[in-house]
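For reference, the structure discussed in these notes is given below.
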Amino acid sequence: MMTKQKGVTLIEMLIVVAIIGVISAIAYPSYQSYVLKGHRTQAMGDMVKVQLNLEEHFTQNSNYNSPVISGSTCSICDSDNDRYTFSLSSASNSYTITATAKVDKGQDQDECGNLTLNQNGAGTPADCW
1 MMTKQKGVTL IEMLIVVAII GVISAIAYPS YQSYVLKGHR TQAMGDMVKV QLNLEEHFTQ
61 NSNYNSPVIS GSTCSICDSD NDRYTFSLSS ASNSYTITAT AKVDKGQDQD ECGNLTLNQN
121 GAGTPADCW
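Note that UniProt numbering has the sequence shown beginning at 1, numbered continuously upward.
Given below as structure tokens:
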């Protein structure tokens, strides 16, 4: 009479570990891509908020010299400071908002890299907007 086996064999455990490893190797890069894209989308939304603030300031003061971005800090932005730094270059009738991807958390690995938005609503890289 044969006794019934209880538990799992070493071979079965190795197969399960191998399957988990293969799934992880495929899923993790995809997850990282979505994280980068999420931070990029937030930065783009913040750039549009800055643009609206600049246009409102221009309507009231006839210039784009709004203090919304000071140094690399944006006072109305929701983006993670570890991912992007914001800068603004403005003249009397034009401006360019720049979101520079930081290296610290790997945001520079995003396919779009640094983002810009000007007074005409044109953003670069164009494929990302």
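Glycine included, every Cβ here is placed at the ideal spot set by N, Cα and C. As the structure is a prediction and not an experimental result, all values here were calculated from the model.
Count the other CB atoms within 10 Å of the CB of residue i; is the residue buried (16 or more) or exposed (fewer)?
i: Ala43; result: buried
i: Leu10; result: exposed
i: Asp78; result: exposed
i: Asp127; result: exposed
i: Thr3; result: exposed
i: Leu88; result: buried
According to DSSP, residue i sits in a beta bridge with which residue or residues?
i: Cys74; result: Ile69
i: Tyr95; result: Ser90
i: Thr124; result: Thr116
Going by Cα to Cα distance, which pick from the options is closest to residue i?
i: Asn81; options: Ala122, Ile15, Gly106 and His57; result: Gly106
i: Asn114; options: Ser89, Thr96, Thr100 and Ser33; result: Thr100
i: Asn93; options: Ala126, Phe58, Thr73 and Leu52; result: Phe58
i: residue 142; options: Ser75, Asn53, Phe86 and Ala27; result: Residue 142 is absent from the model: the chain starts at 1 and stops at 129.
Along the chain, where does the alpha helix (DSSP H) containing residue i start, and where does it finish?
i: Tyr34; result: Leu10 to Asn61
If I follow the unbroken beta strand (DSSP E) through residue i, where does it start and stop?
i: Asn118; result: Leu115 to Asn118
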